[in-house]
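Student:
Dropping the structure here:
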């Protein structure tokens, strides 16, 4: 069984309840297409570290990644609110490095698989 997580933008989460991300998972679309016909467990939904924080040194973000790792998460699907060029997340690449350092593969929801 695949254990996955969704990473969203902290600012966007103030106005977003994740319905599009959860619909994409349920319908196995975009980055979730690789799970068609497979059982997956959504082990967590985590917010980013915030625009003002460095993911490499932000203790709260590190703790979230530790929790995901302990839950057996192997893929993190990063919401379009983080990855789209329109939003230009200033911490995106650093967050990707932190995720990979925790042994997690990155899946961008704004890209089809």
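Numbering (our numbering), first residue to last: 48 to 160. Positions of the beta carbon are idealized from the N, C-alpha and C atoms, including for glycine. Remember, predicted model here, so these are calculated numbers, not experimental data.
Any chance you could list the beta strand (DSSP E) runs of at least 3 consecutive residues sitting entirely within the stretch 116-140, in chain order?
Tutor: 122-125
Student: Could you check where the beta strand (DSSP E) with residue 155 kicks off and where it finishes?
Tutor: Going by DSSP, residue 155 is part of the beta strand (DSSP E) stretching over 152-155.
Student: Assuming residue 88 and residue 82 form a contact by the criterion Cβ under 8 Å, report the distance between their Cβ atoms to the nearest whole angstrom.
Tutor: Separation of the CB atoms of residue 88 and residue 82 is rounded to 11 Å, and the pair is thereby denied contact status at 8 Å.
Student: Use the C-beta contact count for residue 105: other C-beta atoms within 10 angstroms, 16 or more gives buried, fewer gives exposed.
Tutor: buried
Student: Under a Cβ-count criterion, where at least 16 other Cβ atoms within 10 Å of its own Cβ denotes burial, should residue 136 be classed as buried or exposed?
Tutor: Buried is the call here.
Student: To the nearest angstrom, how far is it from the Cα of residue 101 to the Cα of residue 86?
Tutor: Cα to Cα, residue 101 sits roughly 34 Å from residue 86.
Student: Run through the DSSP bridge pairs and tell me what residue 52 is partnered with.
Tutor: According to DSSP, which records beta bridges pairwise, residue 52 is partnered with 91 and 123.
Student: For residue 97, which of 139, 72 and 62 has the nearest alpha-carbon?
Tutor: 139
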